[in-house]
DNA sequence: TGACGTCAAGATCCG
DNA sequence: CGGATCTTGACGTCA
């Protein structure tokens, strides 16, 4: 069971992606953006390697206007060497890559030009995967599309258009249940007619279940049969509901307890799991640590150095508790550790704790701050105390 | 016609 | 002027 995350990494040096607008899409600009993005991708893959993250979804925006006539570059030839190097990195470290065109790539549309663009977009995705690593286990995940008032007919339209796709696309294409229109049962039906493997999405199934409301596990098992050995290990998507957003919206972080409950219920099912979550790689590391078979307290200490001020800012009690946990060097209290972290981040901002954390960090900066900076800091702290300023404006001074 | 989702670019605001 | 914050872009479907 491998864990991965989608598209970008949080807090990792030089892994940001650039894009450009249509009116700036000159050849020169496109070349520069692609060059930048390939650097970022290589850095992300390298980060994944170091952190034992073996699944990664590559952003569809790696090549700006990748499937649009706006971009006439033969990027796969121009950057052949770079793709080759990334491919080597991916293969040597057993990293499985994937892509996921968004809700705007609709293969079953009633509008022919939309279908044409969808086909072109899928061909772009396949070309990109093939440029890096042509192995059939690297997948492009697609939703079925619209319903257009007649779902049966719309599903048939998907099958017809699927069959017309070029082999290089079909080789990588897999289909997924969505949160509004096509539930897992309908996607499985479409899989029977196309032969495309099925990615089961846990949150989409919660929001948009099949009529009989069969369990996630029973569907994961069924979906497993759609993956042939060339397709690699079965993949699923795991995410959690964001409590303050629309049904189907992804949470900020994966909750340690919910995740491990899910993993334990899987039993003998061992799919690769793509996380869809705001904090990206941070949750991937968290889930990998939670499942670690050869644990070491150093893993948690490394995590603690990232999270400690976040916890201190919310709750001194949780902060003290985790410090206590980490004192026993021969243990690995991974669940207690992340559970407490999840608890702290869920808390409302408390002024006393926040000030304490800010002062703590200020301690490190004080020595190198000028008189003027010290005055400015005191003023900000006072304004925060009297509700004039938000916590962020205080924290921002550390960036200066 | 706007909401949906995503995230960087672009525009504007503030001190 | 620089940094923070708001708006736009790019995509298709559906209410």
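In this note's numbering, the protein residues as written are 1 to 400. All residues carry an ideal CB built from backbone N, CA and C; glycine is no exception.
Counting along the chain, the unbroken alpha helix (DSSP H) around residue 170 starts and ends at 167-170. Each residue's CA atom was taken as its position, placing residue 338 and residue 157 some 46 Å apart.
Looking at the DSSP output, residue 3 sits in a beta bridge with 273. Following the DSSP letters along the chain, one finds residue 143 inside the beta strand (DSSP E) bounded by residues 139-143.
Within a 10 Å sphere around the beta-carbon of residue 79 sit 16 or more other beta-carbons, which makes this residue buried.
For residue 101, the closest of 348, 208 and 124 by C-alpha to C-alpha distance is 124. Annotation: residue 236 to residue 218 spans about 13 Å, alpha carbon to alpha carbon. When rounded, the separation of the alpha-carbon atoms in residue 307 and residue 190 is 44 Å.
Taking all protein chains in view, the Cβ of residue 162 is crowded by 16 or more other Cβ atoms within 10 Å, so the residue is classified as buried. The Cβ-Cβ distance between residue 85 and residue 133 does not fall below 7 Å. Residue pairing by DSSP places residue 99 opposite 140 in a beta bridge. Contact between the segment 233-247 and the segment 262-273 is present, with at least three C-beta pairs closer than 8 Å.
Here DSSP, grouped into helix, strand and coil, assigns residue 300 to helix.
Annotation: the continuous alpha helix (DSSP H) that includes residue 345 extends over 334-346. In the three-state reduction of the DSSP assignment, residue 104 falls in the coil class. For residue 326, no beta strand (DSSP E) segment is defined, and its DSSP state is neither H nor E. DSSP, reduced to helix, strand and coil, places residue 54 outside both helices and strands of the structure shown, so it counts as coil. When the beta-carbon positions are compared, residue 280 and residue 5 come within less than 7 Å of each other. Counting other Cβ atoms within 10 Å of its Cβ, residue 197 reaches 16 or more and is therefore classed as buried.
In this chain, the beta strand (DSSP E) harbouring residue 235 covers 235-238.
In the DSSP assignment, the residues bridged to residue 241 are 250. Looking at the DSSP output, residue 128 sits in no beta bridge, so it has no partner there.
Spanning the alpha carbons of residue 55 and residue 3 requires a straight line of approximately 6 Å. With respect to the 7 Å criterion, residue 82 and residue 38 are classified as neighbours on the basis of their beta carbons.
DSSP places residue 83 inside the alpha helix (DSSP H), whose first and last residues are 80-92. A direct Cα-to-Cα measurement between residue 108 and residue 263 gives close to 34 Å.
At a Cβ-Cβ threshold of 7 Å, residue 183 and residue 214 do not count as neighbours. For residue 200, the uninterrupted beta strand (DSSP E) segment begins and ends at 198-201. If you draw a straight line from the Cα of residue 334 to the Cα of residue 160, it comes to about 49 Å. Partner residues in a beta bridge of residue 381, as assigned by DSSP, do not exist. Counting along the chain, the unbroken alpha helix (DSSP H) around residue 263 starts and ends at 256-266. For residue 10, the secondary structure class from DSSP, reduced to helix, strand or coil, is coil. Per DSSP, the beta bridge partners of residue 174 are 141. By the 16-neighbour rule on beta-carbons within 10 angstroms, residue 10 is exposed.
Take residue 329, set aside five residues on each side of it, and the residues of its chain with a beta-carbon closer than 7 Å to its own are 297, in chain order.
Excluding its 5 nearest sequence neighbours in each direction, residue 319 has C-beta neighbours in its own chain below 8 Å: 308, 311, 312 and 344, listed in chain order.
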